[in-house]
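J.:
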Amino acid sequence: MYKKIICGMISVVVLLFVLAGCADSYEAYDGHEEYVSVFAEMGLSVPKSQITETVMFVPVVAGEVSMEVMFVRASDGDIRVALNTCENCHASGRGYYVQDGDVVVCQQCDMSFDIDYIGLNYGGCQPIPIAHSVESDYVVIAYDALLENARWFDVN
């Protein structure tokens with residue numbers, strides 16, 4: 361039993377080191393690391409209080425794949441969540457979004473999408489929705505959902 365606990369603790373520590381290195385490579389992450397929890401096989405958890413009308417791009421490692429999830433509060437107050445890539449442009453290496461006012465713009469094809477609609481629709485160049493839940497004060501994405509969607513970022 362202690363062996364499983366120790367292995368689990370080591371896995372979490374290793375993952376945190378990996379994420380620390382990953383966070384440094386994403387300028388848009390902008391110091392939110394103290395508000396975000398990512399644990400191996402436990403998923404991603406972001407406090408609702410940290411989600412604003414400015415898109416938060418959160419880097420995550422699922423399996424061995426580095427990926428990014430977008431969180432934003434829409435004008436109606438609802439929280440929108442999606443992958444920071446799309447079906448059409450993901451393989452280019454430039455199929456990611458940057459916020460420009462009330463829209464996000466794909467860096468590959470220059471399509472723009474209103475932040476109010478992020479995560480609501482699927483297909484084409486829209487940010488890919490990801491299954492999530494709101495649990496008390498947190499928005500949670502299960503690790504299985506991250507693993508299932510890692511294919512959109514594995515462009516080897």
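If you're matching positions, the sequence shown starts at 361 in the working numbering and goes up one per residue. Even glycine gets a Cβ: it sits at the ideal position worked out from N, Cα and C.
Let me check one thing: in DSSP terms, what residues is I439 bridge-paired to?
T.: Bridge partners of I439: R433.
J.: Note the first and the last residue of the continuous beta strand (DSSP E) segment covering D504.
T.: Note, D504: premise wrong, no beta strand (DSSP E); alpha helix (DSSP H) at 503-509.
J.: Confirm, please, whether the CB-CB distance from P419 to S426 is below 9 Å.
T.: Yes, Cβ-Cβ distance for S426 and P419 is below 9 Å.
J.: Apart from the five residues on each side of it in sequence, which residues of its chain come closer than 7 Å, Cβ to Cβ, to H492?
T.: Taken in chain order, the residues that qualify are V441, V499, V500, I501.
J.: Give the secondary structure of E394 by DSSP, where H, G and I count as helix, E and B as strand, and everything else as coil.
T.: With a pLDDT of only 43 at E394, under the threshold of 50, the placement of this residue in the model should not be trusted; the figure read from the coordinates follows. Of the three classes helix, strand and coil, the one that applies to E394 here is helix, per DSSP.
J.: Given this structure, state the Cα-to-Cα distance separating V372 from L506, to the nearest angstrom.
T.: At V372, the pLDDT of 39 sits below 50, so the modelled position is not reliable; the number obtained from the coordinates is stated separately. Each residue's Cα considered, the two are about 16 Å apart.
J.: Leaving out five residues before and five after G483 in sequence, what residues of the same chain have Cβ atoms less than 8 Å from its Cβ?
T.: Cβ within range, chain order: E447.
J.: Measure the beta-carbon distance from I475 to V463 and round it to whole angstroms, keeping in mind my assumption that it falls under 8 Å.
T.: With a Cβ gap of about 7 Å, I475 and V463 count as contacting.
J.: Please classify R433: is it buried, with 16 or more other beta-carbons within 10 angstroms of its beta-carbon, or exposed?
T.: The residue in question, R433, is buried, as its Cβ has 16 or more Cβ neighbours within 10 Å.
J.: Using DSSP bridges, identify the partner residues of E413.
T.: According to DSSP, E413 bridges with nothing at all.
J.: When the Cα atoms are used, what is the spatial distance from V465 to S496?
T.: Cα-Cα distance, rounded: 31 Å.
J.: From this set, Y477, S435, A510, E428, which residue's C-alpha is nearest G412's C-alpha?
T.: Checking the sequence, you will find Thr at residue 412 rather than Gly. Per the Cα distances, S435.
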